[in-house]
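Asker:
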Amino acid sequence: MGHRVGKDGCGETVPAYTVDRLGELFKQRKFEIIKMDIEGAEQEVVMSENSLLKKADHVIIEIHNDRIDEQPIIDRLATIFPKAIKVKQRKSTKPIYIFSAYSF
Numbered sequence: 479m480g481h482r483v484g485k486d487g488c489g490e491t492v493p494a495y496t497v498d499r500l501g502e503l504f505k506q507r508k509f510e511i512i513k514m515d516i517e518g519a520e521q522e523v524v525m526s527e528n529s530l531l532k533k534a535d536h537v538i539i540e541i542h543n544d545r546i547d548e549q550p551i552i553d554r555l556a557t558i559f560p561k562a563i564k565v566k567q568r569k570s571t572k573p574i575y576i577f578s579a580y581s582f
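The opening residue of the sequence shown carries number 479 in my numbering; numbering runs sequentially from there.
Here's what the structure looks like:
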């Protein structure tokens, strides 16, 4: 499976994986940071039962709140990460949150 991004339909084909598949591929691995900007699919990914997020020290997520309700995503990530901040002073109306297993 792949995805192509580029002007006029041109671009580079890159592999695309589900979060569950990434969890399988990196079964024994711990991550410092997982960054998600997945264009409105945040709720589907975060609410799914997967262990990949639990392997991260930090998750940075942009929430497309024009398409989905951000509160269930925040609530779910708060069950995994005890610390969270919302990035302020953005030009975009889409909020970015940083969730962390550690104090800031």
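Note that beta-carbon positions come from the ideal geometry of N, C-alpha and C, so glycine has one too.
These numbers were taken from a predicted model, which means no experiment stands behind them.
Helix, strand or coil for ASP566? Go by DSSP, reduced to three states.
Answerer: Mapped onto the sequence shown, residue 566 falls at position 88. The identity of residue 566 in the sequence shown is Lys, whereas the question assumes Asp. DSSP places LYS566 in coil when its eight states are reduced to three.
Asker: Starting from ALA534, follow its DSSP beta bridges and name the residues at the other end.
Answerer: As a first step, residue 534 must be located in the sequence shown, where it is residue number 56. Paired residues: PHE509.
Asker: Return the residue from the list ALA579, SER581, PHE559, GLY518 that minimises the CA-CA distance to MET573.
Answerer: In the sequence shown, residue 573 corresponds to position 95, counting from 1. According to the sequence provided, residue 573 is Pro. The question's Met does not apply to it. Per the Cα distances, GLY518.
Asker: DSSP three-state call for PRO550: helix, strand or coil?
Answerer: Here residue 550 corresponds to residue number 72 of the sequence shown, with the count starting at 1. PRO550: helix per DSSP, three-state reduction.
Asker: Quick check: LEU530 and GLY489, are their CB atoms within less than 8 Å of each other?
Answerer: Start at 1 with the first residue of the sequence shown, and residue 530 comes out as number 52. Start at 1 with the first residue of the sequence shown, and residue 489 comes out as number 11. Going by C-beta atoms, LEU530 is not nearer than 8 Å to GLY489.
Asker: Could you give the first and the last residue of the continuous alpha helix (DSSP H) run that contains GLU517?
Answerer: Indexing the sequence shown from 1 puts residue 517 at position 39. Looking at the DSSP string, GLU517 is not in any alpha helix (DSSP H), and its letter there is neither H nor E.
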